[in-house]
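FYI, the numbering for the sequence shown is 13 to 87, going by our numbering. For each residue, glycine too, the CB sits at the ideal point set by N, CA and C. What you are looking at is a predicted structure, and each value in this text was computed from that prediction instead of being measured.
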Amino acid sequence: MPLINVKVIEGVFTEAQKAEIVQKLTEAMVRIEGENMRSLTLVILEEVKSGDWGVGGKPVTTADVKAMAAGTPPG
Numbered sequence: 013m014p015l016i017n018v019k020v021i022e023g024v025f026t027e028a029q030k031a032e033i034v035q036k037l038t039e040a041m042v043r044i045e046g047e048n049m050r051s052l053t054l055v056i057l058e059e060v061k062s063g064d065w066g067v068g069g070k071p072v073t074t075a076d077v078k079a080m081a082a083g084t085p086p087g
């Protein structure tokens with residue numbers, strides 16, 4: 013039984029995007045392990061509070077991630 017645990021910063025992904033993450037990660041595991049494992053593949057998507065995630069010794073916020081996704085350095 014595969015368990016995939018993904019952590020993301022809250023407010024970055026829409027509900028539709030989170031559903032797509034779950035679906036595509038499940039599909040990836042099914043391609044590796046076979047169709048019989050689909051119903052046994054668990055995906056947990058956990059949202060971490062904005063600012064409670066740190067990179068390089070600095071907190072990262074939802075706004076920082078959205079800026080990075082847009083190609084703008086955070087700050």
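- Uninterrupted alpha helix (DSSP H) stretches at least 4 residues long and entirely within the segment 13-74 occur at 27-45, given in chain order.
- Within the model, the alpha-carbon separation for Lys78 versus Phe25 is close to 10 Å.
- Within the model, the alpha-carbon separation for Val18 versus Val72 is close to 17 Å.
- Nearest to Leu15 by alpha-carbon distance, out of Ala28, Ile21 and Glu58, is Glu58.
- Val42 places its beta carbon less than 7 Å from that of Arg50.
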